[in-house]
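K.L.:
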Amino acid sequence: MSPTAVHRLTVSSTAFPDGGAIPRRNTCDGADVSPPLALGAVPAHTASLALLLRDLDAAHGTFTHWLVWDIAAHTTRLAAGEHPRGATEGRNDFGRTGYGGPCPPRGDRPHRYVLTVYAVDRRVSLGAGATPADLLRAFSGHTLAVGTVTGRYGRG
């Protein structure tokens, strides 16, 4: 594999199909817990996994709902609401550490929420206040595979 080749890993959720509606339970209108995730096709030389959940349709640009890094490379599933053991959760754009579910303004068309999982060849040394830009910078040249699942949510 060339150093620039990035493979696809699979990311899915039993809570919603790719492109489908995110259940209320996983939003600010429900229990506000992260959806269950299944991961596959993680490359053999992966040292750790990371994820970002972002709203692509936020009024003032991309809004980060969840960022987590140093997830164990052998992880194939995360249960709903699970905080990955040994991983670091960063500060989301709500100003809190951990998951903050979809919560678009009432009356907006449904927003697109993209959950991206990265397989990287090293563990990342970042503090809990790290931003998505910090995380992506740390992955530069170290990303082995990337996968996404997209959900939609609107509040009527």
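Residue 32 in full-length UniProt numbering is what sits at position 32 of the sequence shown, and the numbering runs on without skipping anything.
By construction, the Cβ of each residue, glycine as well, lies at the ideal position given by its N, Cα and C atoms.
If the criterion is Cβ atoms closer than 8 Å, does the pair D55 and P102 meet it?
P.N.:
Sequence index remark: in the sequence shown, residue 55 carries index 55 (1-based). Sequence index remark: in the sequence shown, residue 102 carries index 102 (1-based). For D55 and P102, yes; Cβs fall inside 8 Å.
K.L.:
Starting from L67, trace the beta strand (DSSP E) both ways and give me its first and last residue.
P.N.:
Counted from its first residue, the sequence shown places residue 67 at position 67. Counting along the chain, the beta strand (DSSP E) containing L67 begins and ends at F63 to A72.
K.L.:
Measure the C-alpha to C-alpha separation of H111 and T10 and round it to an integer number of angstroms.
P.N.:
One-based indexing of the sequence shown puts residue 111 at position 111. One-based indexing of the sequence shown puts residue 10 at position 10. The alpha-carbon of H111 is positioned some 22 Å away from that of T10.
K.L.:
Mapping the DSSP letters down to three states, classify A21 as helix, strand or coil.
P.N.:
Counted from its first residue, the sequence shown places residue 21 at position 21. Secondary structure of A21 (DSSP, three-state): strand.
K.L.:
Report the CB separation of A78 from P36 in whole angstroms; it is logged as a contact under 8 Å.
P.N.:
Counted from its first residue, the sequence shown places residue 78 at position 78. Counted from its first residue, the sequence shown places residue 36 at position 36. It should be pointed out that residue 78 corresponds to Leu in this sequence rather than to Ala. Correct: roughly 7 Å between the Cβ atoms.
K.L.:
What residue range is occupied by the uninterrupted alpha helix (DSSP H) comprising D134?
P.N.:
Position 134 of the sequence shown, counting from 1, holds the residue named residue 134. P132 to F139 is the extent of the alpha helix (DSSP H) around D134.
K.L.:
Distance, Cα to Cα, F139 vs V146?
P.N.:
Within the sequence shown, residue 139 is the residue found at index 139, counting from 1. Within the sequence shown, residue 146 is the residue found at index 146, counting from 1. Each residue's alpha carbon lies about 11 Å from the other.
K.L.:
Going by CA-CA distance only, name the one from T88, G95 and H7 that's closest to R123.
P.N.:
Start at 1 with the first residue of the sequence shown, and residue 123 comes out as number 123. When each option's Cα is compared against that of R123, the closest is T88.
K.L.:
With a 10 Å radius around its C-beta and 16 neighbouring C-beta atoms as the bar for buried, classify S13 as buried or exposed.
P.N.:
Here the question's residue 13 lines up with position 13 in the sequence shown. With 16 or more Cβ atoms within 10 Å of its Cβ, S13 is classed as buried.
K.L.:
Rounded to whole angstroms, how far is the Cβ of L49 from the Cβ of Y118, which I believe are closer than 8 Å?
P.N.:
By 1-based counting over the sequence shown, the position of residue 49 is 49. By 1-based counting over the sequence shown, the position of residue 118 is 118. The Cβ separation is near 7 Å, so the contact holds.
K.L.:
My guess is that L144 and H7 are in contact by the Cβ rule of under 8 Å, so how many angstroms apart are they, rounded?
P.N.:
In the sequence shown, counting from the first residue as 1, residue 144 sits at position 144. In the sequence shown, counting from the first residue as 1, residue 7 sits at position 7. Confirmed, Cβ separation roughly 7 Å.
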